[in-house]
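Novice: So for the sequence shown, the numbering used here puts the first residue at 1462; every next one is plus one.
All C-beta atoms in this analysis are idealised placements derived from N, C-alpha and C, irrespective of residue type, glycine included.
Submitted below is the structure of interest, expressed as structure tokens.
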Amino acid sequence: MIEVMLLESLSVAALVVILVCAVVRPFGWPEAVFAVPAAGLVIVTGAIPLDDVSEEATRLGPVIGFLAAVLVLAKLCDDEGLFRACGTWMASWARHRPRRLLGAVFALASVVTAALSLDATVVLLTPVVFATATRMGTPAKPHAYACAHLSNTASLLLPVSNLTNLLAFTATGLTFTRFALLMLLPWVAAIAVEYVVFRRFFAADLDAPTEDDGAREPAQLPLFALVTVAGTLVGFAVASAVGVDPAWAAAAGAAVMAGRALARRHTTPAAIARSASLPFLAFVLCLGIVVRGVLDNGLGDALGHALPDGSSLPALLGTAALAAVLANLINNLPAVLALAPLAAPSGPGAVLAVLLGVNIGPNLTYAGSLATLLWRRITHHHEHDVQLKEFTLLGVLTVPLALFVSTLALWVSLRISGT
1462 MIEVMLLESL SVAALVVILV CAVVRPFGWP EAVFAVPAAG LVIVTGAIPL DDVSEEATRL
1522 GPVIGFLAAV LVLAKLCDDE GLFRACGTWM ASWARHRPRR LLGAVFALAS VVTAALSLDA
1582 TVVLLTPVVF ATATRMGTPA KPHAYACAHL SNTASLLLPV SNLTNLLAFT ATGLTFTRFA
1642 LLMLLPWVAA IAVEYVVFRR FFAADLDAPT EDDGAREPAQ LPLFALVTVA GTLVGFAVAS
1702 AVGVDPAWAA AAGAAVMAGR ALARRHTTPA AIARSASLPF LAFVLCLGIV VRGVLDNGLG
1762 DALGHALPDG SSLPALLGTA ALAAVLANLI NNLPAVLALA PLAAPSGPGA VLAVLLGVNI
1822 GPNLTYAGSL ATLLWRRITH HHEHDVQLKE FTLLGVLTVP LALFVSTLAL WVSLRISGT
């Protein structure tokens, strides 16, 4: 009994260390610097058996490979000028009206997050939004906050939009296309709630006069990048339909972009390897191993008792709420690793409700998702102070309402589809 308690305490302590260091990033070191030793300690002490380590690595392997391919694809699209073209389009569409710019940011951030994952929105689109707002002479705050919120909220649509989706996709038992169809209505509902709240919350900033000089440069769309991204998205659906892991479609899209960039000497193999963010991939694997140790040593049973059964509307609301709370307590990646397997016996609807909670919920606090933490660092780089009180108040106004409306929309989608 004492040994079990010690192993449980050790697993929890390792998870806490990983999460705290991921938030604080002492000395600016990558998350993997702390995650790898923590996972090694959990393994060496026997808190998680080697067979379970192997099983977890096998389960996460395709997810990690997929994530690497998408990160490479997004970076190469940026090198091709895709996001610069997005900024030009936003400025042209908005002209002298900040409210139109907000609409353009919502539209682009939603599409980019869904197609290229939330990391593309945070890392690549957010700087473009800052530059566009500066050029228009309008406050950047509403539009920058939109990137943060939509990197989470707009990641509901596709299995590829968020690492949380990838981690839970297999547990749903759905095809790529079926997943997207069921999440389409919740995706639209959640984004609509965010947009309405943002227009009211930032009314003063959006009504402020601009200093736009009126100069416009023509948007030069990188057609090759657009066609490759579109082809990759089609490849996801086709691969899933024929039983092939979507990671292969992502790898094919990344390979096409990389081959062209290398042939034209626009990049190097080393640069491509860096864009795959290998330390972050190691962090994800180690985090999964440590979370498995925590679950096996007591947390799994506790969450199993707290998680509602079935896919009725009250059960879906309870599941989404529990997932949102857990995401803000321990971050959304551990939350989905913990809850998705427990929700799977209740059917795909319950797993999708977990995703609503872990994707929308993190907008409530900085620590809810790694994407939000990364966004905060980017805003500081652009000399924009993020106030905790304002961030939290905006989260309080958006998260509960968006979570309720999107869960209701999911319940409707499930009823319509007969799932």
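1) Which runs of the alpha helix (DSSP H) spanning at least 4 residues fall entirely within the segment 1473-1551, listed in chain order?
2) Let's see if you can read the secondary structure: which residues bound the alpha helix (DSSP H) around THR1595?
3) Please determine, among ARG1660, ALA1565, ASP1757 and PRO1620, the residue with the shortest C-alpha to C-alpha distance to ASP1513.
4) DSSP on ARG1661, reduced to helix/strand/coil?
5) If I follow the unbroken alpha helix (DSSP H) through ASN1820, where does it start and stop?
6) Does the Cβ-Cβ distance between THR1593 and THR1582 come in under 7 Å?
7) With distances taken from CA atoms, which of HIS1727, LEU1723, ALA1731 and LEU1694 is nearest ALA1713?
8) Where do the N-terminal and C-terminal ends of the alpha helix (DSSP H) with VAL1866 fall, by residue?
9) What's the C-alpha gap between VAL1524 and SER1578?
10) Kindly give me the distance between the Cβ atoms of ALA1595 and PRO1559, rounded to whole angstroms, as I take these residues to be in contact under 8 Å.
11) Within the same chain, show all residues whose beta-carbon is closer than 8 Å to that of LEU1803, passing over the 5 residues directly before and after it, in chain order.
12) Out of ASN1824, MET1644 and LEU1646, point me to the one whose CA is closest to LEU1790's CA.
13) So, helix, strand or coil for LEU1617, using DSSP?
14) Under 8 Å, with one C-beta from each stretch per pair, do the segment 1536-1547 and the segment 1641-1652 reach the 3-pair mark?
15) Could you compute how far the alpha carbon of PHE1741 sits from the alpha carbon of GLU1492?
16) Would you decide whether MET1466 is buried or exposed? Buried here means 16 or more other CB atoms lie within 10 Å of its CB.
17) Would you say LEU1864 and ALA1785 are within 7 Å of each other, going by their C-beta atoms?
18) Do GLY1749 and LEU1521 have their C-beta atoms closer together than 7 Å?
19) Checking 7 Å against the spacing of the C-beta atoms, do ALA1832 and SER1612 come in under that value?
20) For GLY1754, does the three-state DSSP call read helix, strand or coil?
21) What's the call for PHE1488, buried or exposed, on a 16-neighbour Cβ count within 10 Å?
22) Does the distance from the CB of ARG1797 to the CB of LEU1628 come in under 7 Å?
23) Report the rounded CA-to-CA distance for VAL1590 versus PHE1630, giving the unit in angstroms.
24) Near ALA1708, what residues of its chain come up, given a Cβ to Cβ distance below 7 Å and the 5 sequence neighbours on each side ignored?
25) Alpha carbon to alpha carbon, how far is GLY1818 from VAL1566?
26) I think LEU1471 touches VAL1497, with their Cβ atoms under 8 Å apart; what is that distance to the nearest whole Å?
27) Please return the same chain residues whose Cβ sits closer than 7 Å to the Cβ of SER1571, not counting the five positions on each side in sequence.
28) Considering just the uninterrupted stretch of the alpha helix (DSSP H) at HIS1766, what are its terminal residues?
29) Taking ALA1609 as the reference, which of THR1729, ALA1715, VAL1860 and VAL1866 has the closest Cα?
30) Check ARG1721 in the structure and name its three-state DSSP category.
31) So the alpha helix (DSSP H) THR1729 belongs to, where does it begin and stop?
Specialist: Let me spell this out:
1) 1493-1505 and 1511-1540
2) As a working note, residue 1595 is residue 134 in the sequence shown. Element bounds for THR1595: 1587-1597.
3) Your numbering for residue 1513 matches position 52 in the sequence shown. Closest by alpha carbon: ASP1757.
4) Taking the sequence shown and counting its residues from 1, one reaches residue 1661 at position 200. Three-state DSSP puts ARG1661 in a helix.
5) Counting from 1 along the sequence shown, the entry for residue 1820 is found at position 359. 1809-1821 is the extent of the alpha helix (DSSP H) around ASN1820.
6) Position 132 of the sequence shown, counted from the first residue, corresponds to residue 1593. Position 121 of the sequence shown, counted from the first residue, corresponds to residue 1582. Cβ atoms of THR1593 and THR1582: not closer than 7 Å.
7) Locating residue 1713 in the sequence shown gives position 252, where the first residue counts as 1. Ranking the options by Cα distance to ALA1713, first place goes to LEU1694.
8) Stepping through the sequence shown from its first residue, residue 1866 is reached at position 405. 1849-1878 is the extent of the alpha helix (DSSP H) around VAL1866.
9) Along the sequence shown, read from residue 1 onward, the residue named residue 1524 stands at position 63. Along the sequence shown, read from residue 1 onward, the residue named residue 1578 stands at position 117. If you take the alpha carbons of VAL1524 and SER1578, they lie about 13 Å apart.
10) The residue given as residue 1595 occupies position 134 in the sequence shown. The residue given as residue 1559 occupies position 98 in the sequence shown. According to the sequence shown, residue 1595 is Thr rather than Ala. About 12 Å separates the two Cβ atoms, so there is no contact after all.
11) To locate residue 1803, count along the sequence shown from 1; it is residue 342. Same-chain partners within the cutoff: GLY1761, LEU1764, GLY1765 and LEU1768.
12) If you number the sequence shown from 1, residue 1790 lands on position 329. When ASN1824, MET1644 and LEU1646 are compared, the shortest CA-CA separation from LEU1790 is found for ASN1824.
13) Here residue 1617 refers to the residue found at position 156 when the sequence shown is read from its first residue. Helix, per DSSP.
14) With a cut-off of 8 Å, the segment 1641-1652 and the segment 1536-1547 do not count as touching, because too few Cβ pairs lie within range.
15) Stepping through the sequence shown from its first residue, residue 1741 is reached at position 280. Stepping through the sequence shown from its first residue, residue 1492 is reached at position 31. Their backbone Cα atoms lie some 7 Å apart in a straight line.
16) Taking the sequence shown and counting its residues from 1, one reaches residue 1466 at position 5. By the neighbour-count rule (16 or more Cβ atoms within 10 Å), MET1466 is not buried but exposed.
17) Here the question's residue 1864 lines up with position 403 in the sequence shown. Here the question's residue 1785 lines up with position 324 in the sequence shown. Yes; because the gap between Cβ atoms is below 7 Å, this pair is in contact.
18) The residue given as residue 1749 occupies position 288 in the sequence shown. The residue given as residue 1521 occupies position 60 in the sequence shown. It is a contact, given that the beta carbons lie within the stated cut-off.
19) Against the sequence shown, residue 1832 aligns to sequence position 371. Against the sequence shown, residue 1612 aligns to sequence position 151. Yes, they are a contact pair.
20) In the sequence shown, counting from the first residue as 1, residue 1754 sits at position 293. Per DSSP, reduced to three states, the secondary structure at GLY1754 is helical.
21) Here residue 1488 is taken as the residue at index 27 of the sequence shown, counted from 1. The residue is exposed, with fewer than 16 neighbouring Cβ atoms inside 10 Å.
22) Residue numbering aside, residue 1797 sits at position 336 when the sequence shown is read from its first letter. Residue numbering aside, residue 1628 sits at position 167 when the sequence shown is read from its first letter. According to the sequence displayed, residue 1797 carries Val and not Arg. Between VAL1797 and LEU1628, the gap from beta carbon to beta carbon is short of 7 Å.
23) Counting from 1 along the sequence shown, the entry for residue 1590 is found at position 129. Counting from 1 along the sequence shown, the entry for residue 1630 is found at position 169. When the Cα atoms are used, VAL1590 and PHE1630 turn out to be separated by approximately 31 Å.
24) As a first step, residue 1708 must be located in the sequence shown, where it is residue number 247. Closer than 7 Å at Cβ, skipping near neighbours: PRO1523, GLY1526, PHE1527 and ALA1530.
25) In the sequence shown, the residue the question calls residue 1818 occupies position 357. In the sequence shown, the residue the question calls residue 1566 occupies position 105. In a straight line, the C-alpha of GLY1818 is about 23 Å away from that of VAL1566.
26) Within the sequence shown, residue 1471 is the residue found at index 10, counting from 1. Within the sequence shown, residue 1497 is the residue found at index 36, counting from 1. With 8 Å as the limit, LEU1471 and VAL1497 do not qualify as a contact, their Cβ atoms being about 16 Å apart.
27) Here residue 1571 refers to the residue found at position 110 when the sequence shown is read from its first residue. Around SER1571: LEU1611, ALA1615 and ILE1652.
28) Position 305 of the sequence shown, counting from 1, holds the residue named residue 1766. Start and end: 1761-1767.
29) Position 148 of the sequence shown, counted from the first residue, corresponds to residue 1609. Closest by alpha carbon: VAL1860.
30) Within the sequence shown, residue 1721 is the residue found at index 260, counting from 1. Looking at ARG1721 - three-state DSSP - the assignment turns out to be helix.
31) Within the sequence shown, residue 1729 is the residue found at index 268, counting from 1. Counting along the chain, THR1729 falls outside any alpha helix (DSSP H), and DSSP gives it neither H nor E.
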